[in-house]
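Protein chains in written order, with the numbering used here: chain A, 6 to 334; chain B, 6 to 334. Even glycine gets a Cβ: it sits at the ideal position worked out from N, Cα and C. Comments concern the structure below.
There are 2 protein chains.
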Amino acid sequence: MKELTIGIDIGGTNTKYGIVDRDGNVVFQGSISTAEYEEFRDYFNGLAIALRKATESIPFAHKIIGVGVGAANGNYYKGTIERATNLKWKGIIPLADMFKEEFGIPAIITNDANAAAVGEMVYGAAKGMKDFVVITLGTGLGSGFVCNGILLNGKHGIAGEVGHTSVNPAGRFCNCGKRGCLETYVSATGIKRTVYKLLADHLEPSELRGISFDNLTTKMITESAVRGDVVALAAFEYTGRILGMKLAETVVHTDPEAIFLFGGLSLAGDLIFKPTIKHMEANLMPLFRGKVKVLPSGLQNQAAPIIGASSLVWNYLDNNKTQLQEEVY
Amino acid sequence: MKELTIGIDIGGTNTKYGIVDRDGNVVFQGSISTAEYEEFRDYFNGLAIALRKATESIPFAHKIIGVGVGAANGNYYKGTIERATNLKWKGIIPLADMFKEEFGIPAIITNDANAAAVGEMVYGAAKGMKDFVVITLGTGLGSGFVCNGILLNGKHGIAGEVGHTSVNPAGRFCNCGKRGCLETYVSATGIKRTVYKLLADHLEPSELRGISFDNLTTKMITESAVRGDVVALAAFEYTGRILGMKLAETVVHTDPEAIFLFGGLSLAGDLIFKPTIKHMEANLMPLFRGKVKVLPSGLQNQAAPIIGASSLVWNYLDNNKTQLQEEVY
Numbered sequence: 006m007k008e009l010t011i012g013i014d015i016g017g018t019n020t021k022y023g024i025v026d027r028d029g030n031v032v033f034q035g036s037i038s039t040a041e042y043e044e045f046r047d048y049f050n051g052l053a054i055a056l057r058k059a060t061e062s063i064p065f066a067h068k069i070i071g072v073g074v075g076a077a078n079g080n081y082y083k084g085t086i087e088r089a090t091n092l093k094w095k096g097i098i099p100l101a102d103m104f105k106e107e108f109g110i111p112a113i114i115t116n117d118a119n120a121a122a123v124g125e126m127v128y129g130a131a132k133g134m135k136d137f138v139v140i141t142l143g144t145g146l147g148s149g150f151v152c153n154g155i156l157l158n159g160k161h162g163i164a165g166e167v168g169h170t171s172v173n174p175a176g177r178f179c180n181c182g183k184r185g186c187l188e189t190y191v192s193a194t195g196i197k198r199t200v201y202k203l204l205a206d207h208l209e210p211s212e213l214r215g216i217s218f219d220n221l222t223t224k225m226i227t228e229s230a231v232r233g234d235v236v237a238l239a240a241f242e243y244t245g246r247i248l249g250m251k252l253a254e255t256v257v258h259t260d261p262e263a264i265f266l267f268g269g270l271s272l273a274g275d276l277i278f279k280p281t282i283k284h285m286e287a288n289l290m291p292l293f294r295g296k297v298k299v300l301p302s303g304l305q306n307q308a309a310p311i312i313g314a315s316s317l318v319w320n321y322l323d324n325n326k327t328q329l330q331e332e333v334y
Numbered sequence: 006m007k008e009l010t011i012g013i014d015i016g017g018t019n020t021k022y023g024i025v026d027r028d029g030n031v032v033f034q035g036s037i038s039t040a041e042y043e044e045f046r047d048y049f050n051g052l053a054i055a056l057r058k059a060t061e062s063i064p065f066a067h068k069i070i071g072v073g074v075g076a077a078n079g080n081y082y083k084g085t086i087e088r089a090t091n092l093k094w095k096g097i098i099p100l101a102d103m104f105k106e107e108f109g110i111p112a113i114i115t116n117d118a119n120a121a122a123v124g125e126m127v128y129g130a131a132k133g134m135k136d137f138v139v140i141t142l143g144t145g146l147g148s149g150f151v152c153n154g155i156l157l158n159g160k161h162g163i164a165g166e167v168g169h170t171s172v173n174p175a176g177r178f179c180n181c182g183k184r185g186c187l188e189t190y191v192s193a194t195g196i197k198r199t200v201y202k203l204l205a206d207h208l209e210p211s212e213l214r215g216i217s218f219d220n221l222t223t224k225m226i227t228e229s230a231v232r233g234d235v236v237a238l239a240a241f242e243y244t245g246r247i248l249g250m251k252l253a254e255t256v257v258h259t260d261p262e263a264i265f266l267f268g269g270l271s272l273a274g275d276l277i278f279k280p281t282i283k284h285m286e287a288n289l290m291p292l293f294r295g296k297v298k299v300l301p302s303g304l305q306n307q308a309a310p311i312i313g314a315s316s317l318v319w320n321y322l323d324n325n326k327t328q329l330q331e332e333v334y
């Protein structure tokens, strides 16, 4: 019998799922829409049907031993999704219990950045590291901390919200209700806002003047910057400066070996890494300078969120062998 | 045979030491000057003589099983003190090795705030908590983090330097070489600087106008505030506002159950706690509001640094029973 897990990444637009083996091979993957379901119950039923179909594809002798879920505001201790700002469904959703009831297998839930951090440790570039941080740069900015080799969940299961530290208390409005949060500057949305601010304030010609806010993507800004567009280049410099300044604060909290950048914005390579590292070092307490690496994630591919979510189960199993076995068999 | 430990707190001015039993009772305590020794070797010899004298006071059947040391820039992994800004001795001092050579017992070294955090967990108000932060408010601002029930040391053994996060990159000069660090605003020295800034900027009469910077103490500012001195009151309000704003950032990193304030400034009670809590809550990401307690340390007495340092040994022993036993016997 081969043991397999299901990894699920619940994003605001789509939900990606896959069946993953112990070595991180995705033996099946698919996706359903998240946004089209107004009611959570309907969404869950749609997901359950898709997962049943997926499990039909695996050999009879194999066994699914658990489900790992990465979702914004996923609570590790309670197995719930709580008032996620990027999902339609309000209140507290008891997702782990629903999986257990539907499939009879345990589910482990955490926020998407924590799932990415565990994925990085189990399959990615953080193998063997005991103290590191993963920063996910998507629609928002997520963060996951591993300290002493253990995922940092915190007392209430919501640790790692570095995206909501303050850049400027009177700054850009944030979905969380505050102003000036880091993710309003450093994220796919943040760099778009920066491009628009630069277009508003300056007179420089830019190919980005022809693109609407809704149509503008990180990929377009990256490509423009590569072609030498002065506004796109300035937007990356500004984004890296803010990220570097704030990473200097994160570093003195937990003293990590490395910080991994994951997601769209991190694919811009030197455009984002150079200013980030430069300004992190400049703003660091001297004792820490030259000690902390800023690196690209080792999981930069389509299946990474699924692998990251599935790794929650393997990681839990490694740390709590007996408990999960008892729950499962 | 009763097991005892030695706890040592190396401060910039004085070094306090004591012999402590498993229940946190200090059976002997004393102190020597830190500042008067120009050379570290002379200081260590003076300390060794004092410690030998101290151990003569304990019954023959008792055994000292280890030494715990809290010192600025103490490195837990290496057992060294590294370039501490508030100590005269430069370079890297191999203190743990020196203790082992001198006394034949293991020594555990960490920075003073980490020692306070372990002390809070072993003997203080954090008993039973697995995720909390201790902020020490002395000449500087130190911080110690416990996450998942384990002291957070970080990759390089220097985690918890929250005193060197940034309040204002163009702000007050800091001993660390940067500008605008939190500890230049929130510490015994920080509140003095704030009082002097207020006296410079405003015209209000204040009894503090008659006291020189060198003579001004946190105790004096507290007593003036209690008597209704408008400058002293404003200084506490300002200090609490800055501390609250920055604690809101710390909270979203590690999601603690509580933050304990320890040391001189924290003895001012409501004067410091009220504005700190108010501004922490106001600046917190809404998801965290109302969840994290800000409390006075449970170790607010003269012997606390000694108890905190000694607790390093007990805590290490609890977590690594066999290793230390083997090292000791």
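Just checking: is the beta-carbon of residue i within a distance shorter than 8 Å of some beta-carbon in chain A?
| i | result |
| --- | --- |
| residue 178 of chain B | no |
| residue 166 of chain B | yes |
| residue 72 of chain B | no |
| residue 47 of chain B | no |
| residue 291 of chain B | yes |
| residue 257 of chain B | yes |
| residue 170 of chain B | yes |
| residue 182 of chain B | yes |
| residue 254 of chain B | yes |
| residue 117 of chain B | no |
| residue 159 of chain B | yes |
| residue 296 of chain B | yes |
| residue 30 of chain B | no |
Please tell me whether residue i and residue j are closer than 8 Å, where the distance is taken between their beta carbons.
| i | j | result |
| --- | --- | --- |
| residue 212 of chain B | residue 229 of chain B | yes |
| residue 21 of chain B | residue 310 of chain B | yes |
| residue 159 of chain A | residue 174 of chain B | no |
| residue 128 of chain A | residue 304 of chain A | yes |
| residue 138 of chain B | residue 104 of chain B | no |
| residue 222 of chain A | residue 273 of chain A | no |
| residue 53 of chain A | residue 107 of chain A | yes |
| residue 51 of chain B | residue 37 of chain B | yes |
| residue 251 of chain B | residue 187 of chain B | yes |
| residue 120 of chain A | residue 317 of chain A | yes |
| residue 169 of chain A | residue 152 of chain A | no |
Would you tell me roughly how many angstroms separate the C-alpha atoms of residue i and residue j, rounded to the nearest one?
| i | j | result |
| --- | --- | --- |
| residue 257 of chain B | residue 165 of chain A | 6 Å |
| residue 9 of chain B | residue 28 of chain B | 10 Å |
| residue 308 of chain A | residue 99 of chain A | 25 Å |
| residue 247 of chain B | residue 172 of chain B | 8 Å |
| residue 70 of chain A | residue 31 of chain B | 52 Å |
| residue 214 of chain A | residue 156 of chain B | 51 Å |
| residue 150 of chain A | residue 178 of chain A | 26 Å |
| residue 324 of chain B | residue 56 of chain B | 26 Å |
| residue 82 of chain B | residue 23 of chain A | 41 Å |
| residue 74 of chain A | residue 43 of chain B | 58 Å |
| residue 320 of chain A | residue 11 of chain A | 13 Å |
| residue 35 of chain A | residue 148 of chain A | 25 Å |
| residue 132 of chain A | residue 126 of chain A | 5 Å |
| residue 101 of chain B | residue 84 of chain B | 5 Å |
| residue 46 of chain B | residue 95 of chain B | 12 Å |
Based on the DSSP secondary-structure assignment, which residues constitute the bridge partners of residue i?
| i | result |
| --- | --- |
| residue 21 of chain B | B:14, B:36 |
| residue 301 of chain B | B:266 |
| residue 197 of chain A | According to DSSP, which records beta bridges pairwise, residue 197 of chain A is partnered with nothing at all. |
| residue 184 of chain A | A:178 |
| residue 112 of chain A | A:72 |
| residue 26 of chain B | B:9 |
If you measure from the beta carbon of residue i to each beta carbon in chain B, is any gap under 8 Å?
| i | result |
| --- | --- |
| residue 4 of chain A | This structure does not reach residue 4 of chain A, given that chain A is present from 6 up to 334, and the question cannot be answered. |
| residue 262 of chain A | yes |
| residue 114 of chain A | no |
| residue 270 of chain A | no |
| residue 153 of chain A | yes |
| residue 35 of chain A | no |
| residue 324 of chain A | no |
| residue 283 of chain A | no |
| residue 163 of chain A | yes |
**Prompt:** Hey, is the region 285–299 of chain B in contact with the region 111–129 of chain B, meaning 3+ C-beta pairs nearer than 8 Å?
**Reply:** With a cut-off of 8 Å, the region 111–129 of chain B and the region 285–299 of chain B do not count as touching, because too few Cβ pairs lie within range.
**Asked** Is it a yes or a no for the region 135–145 of chain A touching the region 186–200 of chain A, going by three-plus beta-carbon pairs under 8 Å?
**Response** With contact defined as three or more Cβ pairs closer than 8 Å, the region 135–145 of chain A and the region 186–200 of chain A are in contact.
**Message:** Is it the case that the region 233–241 of chain A contacts the region 185–192 of chain A, given that we only count it when at least three CB pairs across the two stretches are under 8 Å?
**Reply:** No, because fewer than three Cβ pairs between the region 185–192 of chain A and the region 233–241 of chain A fall closer than 8 Å, the two stretches do not touch.
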